Amino acid sequence: MTSQPAAEASGTAALAEPGTGRPPQIRPAPREVLRAVGPRHVVFGLLLVLVADVLLQDNPVYTYELSIVLIYVLAAVGQEWLVGRAGQVSIGAAAFMAVGAFTGARIAEAGWGDFPLPLIGAALVGGAVGLITGLTGLRFRGLYLLLATLALQFVVSFCAQEYEGQSGGLAVPAAHIGGTQFASSRSFSVLELIVVAVVMALLAGLYKRGPGRIWRAIRQDEMVAAVAGINTTRWKLAAFVGSSAVTAMAGALLAYQSQLVSYQTFSLDLAISVLVMVFVGGQGSMLGAILGASLVILLPFELQRVGTATAASMPNLSSWLSINAATVDDAVYGFVLLLVLLYERDGLVGLGGRIVRVVQARRSRGTAGLHHGAAGLHHGAAGLHRGTAGLHRGTAKEEGS
Amino acid sequence: MDDLAAILTATLVNGCLLALLSVGFVLIFRATGVVSFAQGAWMVFGAVFFYSFAKLGWGLVPSLLASAVLVFAGSALAFRLVFTRLIGAPPFVTAIATIGLATLLQAVAVLVWSDQPIALPGSMLSLNAIHLGGAFDTNQVQLFTVAVAAGVFALVIIGLRRTPIGLRMRMVSDNPRLAAFNGINVSRVSALAWALAGLTAALAGAAFLLGTQSSPSTVYDLGLSAFPAILLGGLDSVVGALVGGLVIALVGAVTTVYVGGQWTEFASYLLLLLVLLLRPSGLFGKAQVSRV
Numbered sequence: 532m533t534s535q536p537a538a539e540a541s542g543t544a545a546l547a548e549p550g551t552g553r554p555p556q557i558r559p560a561p562r563e564v565l566r567a568v569g570p571r572h573v574v575f576g577l578l579l580v581l582v583a584d585v586l587l588q589d590n591p592v593y594t595y596e597l598s599i600v601l602i603y604v605l606a607a608v609g610q611e612w613l614v615g616r617a618g619q620v621s622i623g624a625a626a627f628m629a630v631g632a633f634t635g636a637r638i639a640e641a642g643w644g645d646f647p648l649p650l651i652g653a654a655l656v657g658g659a660v661g662l663i664t665g666l667t668g669l670r671f672r673g674l675y676l677l678l679a680t681l682a683l684q685f686v687v688s689f690c691a692q693e694y695e696g697q698s699g700g701l702a703v704p705a706a707h708i709g710g711t712q713f714a715s716s717r718s719f720s721v722l723e724l725i726v727v728a729v730v731m732a733l734l735a736g737l738y739k740r741g742p743g744r745i746w747r748a749i750r751q752d753e754m755v756a757a758v759a760g761i762n763t764t765r766w767k768l769a770a771f772v773g774s775s776a777v778t779a780m781a782g783a784l785l786a787y788q789s790q791l792v793s794y795q796t797f798s799l800d801l802a803i804s805v806l807v808m809v810f811v812g813g814q815g816s817m818l819g820a821i822l823g824a825s826l827v828i829l830l831p832f833e834l835q836r837v838g839t840a841t842a843a844s845m846p847n848l849s850s851w852l853s854i855n856a857a858t859v860d861d862a863v864y865g866f867v868l869l870l871v872l873l874y875e876r877d878g879l880v881g882l883g884g885r886i887v888r889v890v891q892a893r894r895s896r897g898t899a900g901l902h903h904g905a906a907g908l909h910h911g912a913a914g915l916h917r918g919t920a921g922l923h924r925g926t927a928k929e930e931g932s
Numbered sequence: 028m029d030d031l032a033a034i035l036t037a038t039l040v041n042g043c044l045l046a047l048l049s050v051g052f053v054l055i056f057r058a059t060g061v062v063s064f065a066q067g068a069w070m071v072f073g074a075v076f077f078y079s080f081a082k083l084g085w086g087l088v089p090s091l092l093a094s095a096v097l098v099f100a101g102s103a104l105a106f107r108l109v110f111t112r113l114i115g116a117p118p119f120v121t122a123i124a125t126i127g128l129a130t131l132l133q134a135v136a137v138l139v140w141s142d143q144p145i146a147l148p149g150s151m152l153s154l155n156a157i158h159l160g161g162a163f164d165t166n167q168v169q170l171f172t173v174a175v176a177a178g179v180f181a182l183v184i185i186g187l188r189r190t191p192i193g194l195r196m197r198m199v200s201d202n203p204r205l206a207a208f209n210g211i212n213v214s215r216v217s218a219l220a221w222a223l224a225g226l227t228a229a230l231a232g233a234a235f236l237l238g239t240q241s242s243p244s245t246v247y248d249l250g251l252s253a254f255p256a257i258l259l260g261g262l263d264s265v266v267g268a269l270v271g272g273l274v275i276a277l278v279g280a281v282t283t284v285y286v287g288g289q290w291t292e293f294a295s296y297l298l299l300l301l302v303l304l305l306r307p308s309g310l311f312g313k314a315q316v317s318r319v
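Which chain is which? The protein sequence lines are A and B, in order. Residue numbers for the first sequence follow our numbering, beginning at 532 and rising by one. Residue numbers for the second sequence follow our numbering, beginning at 28 and rising by one.
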């Protein structure tokens, strides 16, 4: 926009000028650019502020919770790759986290485990296990991957149990880079934050480009994608291997965070709760994975707080809550998962998108033509994200959602 | 010889339990195309209802029937409330929904009945050994389990082939749209399939509880262990459910005797992976496998 006066001064010369690309008329006005920022980015910003606040306050309880949430954000982002992008379902999250945790623990123990190395090792081994499992489960259309990963869960759990023997678990030293230790929740959270940010930035780039489009095609209609010349098996396998690697990295982070790895952590319940994270947050959106992971992880802590807060006034409720904490969590997860699948299949992000659409439709009543143009532009700016907030209902339908 | 006798009886009894669970899964899959993870949860409810009625002083058969009827109704209700709204949804959505349902049901069962091993009142079937000659021993519970499974399978197989309702179920599983055009109430038939699946799972739960004092989560885990049997038999074959259950039970019994009890789950899931690799449609399943 700053070049406009100059362009006007030199008449048509600016239009022909090479290198500027599009003619100046189509350049988005600042207001339109602002619109392209969208509610999604506002939520991201708010989350970052929240995280920064927790880190600055340095309350040990909150930094501890943050350090756990970040682990599961990574795990959920990994699973969302498979579910939300390639449209495949696995129940192997816990198994891959176990693979990552044990690999990471072994490497960290071995002495040459400066921080990112155990994570990279975990990702490699997790990806390899994913490749083997995917070869059995992904050759066919349908739910065979679900069954293969169910088998993997039991096989990995058993192997981990045998490996562990009577030891009660593997001890993991605190994360370190050279001589610098990251023992406290706060400093480790910073490391986690960097890992999560790097992985998410890489994935966002991947989703925006060719591979992301191919996965989206497979997700929408595998048959049509195959007819269009996509080797669907290979691309599904790629998504599965990648998502396994990311999930295994989350497992390695968990090993560091808890400083003790035991097979009991990585139960089928854990795998189900990671699935709940992906679906409740909103499949097809990394923001959804973040929201889902935060909700699922923070719910038990909040229930605990309710328990202690009501200890004096309602001792019965309090003791019932403390005895049945894990079961109450399960009940809530199961119920919420059903609600999401029945009423808003894109989870919290879909719900947010709906609200934003209603608000925008109200605001733009009477200026329909203008709004339509803006929405079209928005679609281009926001890329190929499903259920992007601010999309027209019409465009959402076009996407086949 | 002792080993052989132990293996054979364990195979028959556990195989019948697995087959009871699997046949319900197969009925649901045939009628609605849903891969259900909820069978274990219905099994839990069969067990805890059975326990509650038995504690009220009801006899074996009334308790069994009452719990089976309750779970029958519960499973049909779950279909009406959840899965009629998910018709036409991608298969993974319905599968995840059954996982949600199972998690919720299991949590409710644990909240109400607690997760302690359940001891039935002593007046039920006895676990005292009955000699059958040779090294073969059995007891009333085992005989009862096998009899229930045999009865259920006879009814299901004959019912599907010979009765009008069975004909409708087969039509719906063949081609739901065509069945609907021919005036069949597909939704009602599917609800019946879900209800029957709940019923067989409830019977399995009660029979399991008669033999072993177990907690709800143990019963639930047993429900999951039916998956290797289901896949081995073929997702859509009733006979396959029976054969798959027996084969998986045989594998379990052999590994228990020769390798160790903790290896049984590992062995059966390894078999599941092998089936996926070599024959994904299972032994008796129609080859619906699509390689696209």
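Just so you know, even glycine gets a beta-carbon here, dropped at the ideal spot from N, CA and C. The structure displayed is predicted, hence computed values, not measured ones.
Contact under 8 Å by Cβ, residue i with residue j
i: L104(B); j: L869(A); result: no
i: L147(B); j: A81(B); result: yes
i: V71(B); j: L226(B); result: no
i: V62(B); j: L613(A); result: no
i: V703(A); j: A629(A); result: no
i: V53(B); j: A268(B); result: yes
i: A222(B); j: V213(B); result: no
i: V887(A); j: L818(A); result: no
i: S200(B); j: A58(B); result: yes
i: Q684(A); j: A625(A); result: yes
Residue i versus residue j: straight-line alpha-carbon distance, rounded
i: G904(A); j: V837(A); result: Interpretation of G904(A) is limited by its pLDDT of 45, a score under 50 that renders its predicted location unreliable; the figure taken from the coordinates is listed afterwards. Taking the straight line from one Cα to the other gives about 48 Å.
i: T165(B); j: I275(B); result: 20 Å
i: G552(A); j: G736(A); result: For G552(A), the predicted model reports a pLDDT of 47, less than 50, meaning its position is unreliable; a value from the coordinates is still stated below. The alpha-carbon atoms of G552(A) and G736(A) are separated by roughly 23 Å.
i: L305(B); j: Y296(B); result: 14 Å
i: G782(A); j: V573(A); result: 30 Å
i: G907(A); j: T245(B); result: Residue placement at G907(A) cannot be trusted, given a pLDDT of 43 that sits under 50; the coordinates are not used to answer.
i: A770(A); j: M754(A); result: 17 Å
i: S217(B); j: S242(B); result: 31 Å
i: T38(B); j: L872(A); result: 39 Å
i: L92(B); j: L829(A); result: 43 Å
i: L320(B); j: V889(A); result: Absent from the model: residue 320(B). The displayed extent of chain B is 28 to 319, so no value can be given.
i: R188(B); j: M196(B); result: 10 Å
i: A32(B); j: V660(A); result: 39 Å
i: T282(B); j: L882(A); result: 50 Å
i: F163(B); j: D29(B); result: 8 Å
Run of the beta strand (DSSP E) containing residue i, from where it starts to where it stops
i: F713(A); result: T711 to F713
i: I886(A); result: No beta strand (DSSP E) contains I886(A), which is instead part of the alpha helix (DSSP H) from G878 to R894.
Terminal residues of the alpha helix (DSSP H) in which residue i lies
i: I803(A); result: L799 to G812
i: A181(B); result: Q167 to R189
i: I828(A); result: M817 to A840
i: A745(A); result: It should be pointed out that residue 745(A) corresponds to Ile in this sequence rather than to Ala. Start and end: G741 to Q751.
i: I708(A); result: That residue, I708(A), is in no alpha helix (DSSP H); its beta strand (DSSP E) goes A706 to I708.
i: N847(A); result: P846 to I854
i: Q788(A); result: T763 to S789
i: V592(A); result: P591 to E611
Contact with chain A by residue i, beta-carbon distance below 8 Å
i: P307(B); result: yes
i: F52(B); result: no
i: L304(B); result: yes
i: R112(B); result: yes
i: A234(B); result: no
i: A228(B); result: no
i: V135(B); result: yes
i: D30(B); result: no
Min CB distance residue i to chain B below 8 Å
i: Y694(A); result: no
i: T858(A); result: yes
i: N762(A); result: no
i: G881(A); result: no
i: G865(A); result: yes
Closer than 7 Å: residue i CB and nearest the ligand MG heavy atom
i: I126(B); result: With respect to the ligand MG, the structure shown offers nothing to examine, as it has no ligands at all.
Problem - the stretch 849-869 of chain A touching the stretch 113-130 of chain B, judged by at least three CB pairs closer than 8 Å - result: Proximity of the stretch 849-869 of chain A to the stretch 113-130 of chain B meets the contact definition, three or more beta-carbon pairs being nearer than 8 Å.
Practice task
Say whether the stretch 633-644 of chain A touches the stretch 751-766 of chain A, bearing in mind that this needs 3 or more beta-carbon pairs closer than 8 Å, one atom from each stretch.
Solution key: no
Exercise for the section: Would you check if the stretch 706-721 of chain A and the stretch 736-751 of chain A touch, i.e. whether three or more CB-CB distances between them fall below 8 Å? Expected result: no
Practice task
Would you check if the stretch 597-609 of chain A and the stretch 819-826 of chain A touch, i.e. whether three or more CB-CB distances between them fall below 8 Å?
Solution key: yes
Exercise for the section: Could you tell me whether the stretch 649-659 of chain A touches the stretch 766-781 of chain A, using the rule of 3 or more Cβ pairs below 8 Å? Expected result: Because the criterion of three Cβ pairs below 8 Å is met, the stretch 649-659 of chain A and the stretch 766-781 of chain A touch.
Practice task
Would you be able to state if there are at least three C-beta pairs under 8 Å between the stretch 661-670 of chain A and the stretch 723-735 of chain A?
Solution key: no
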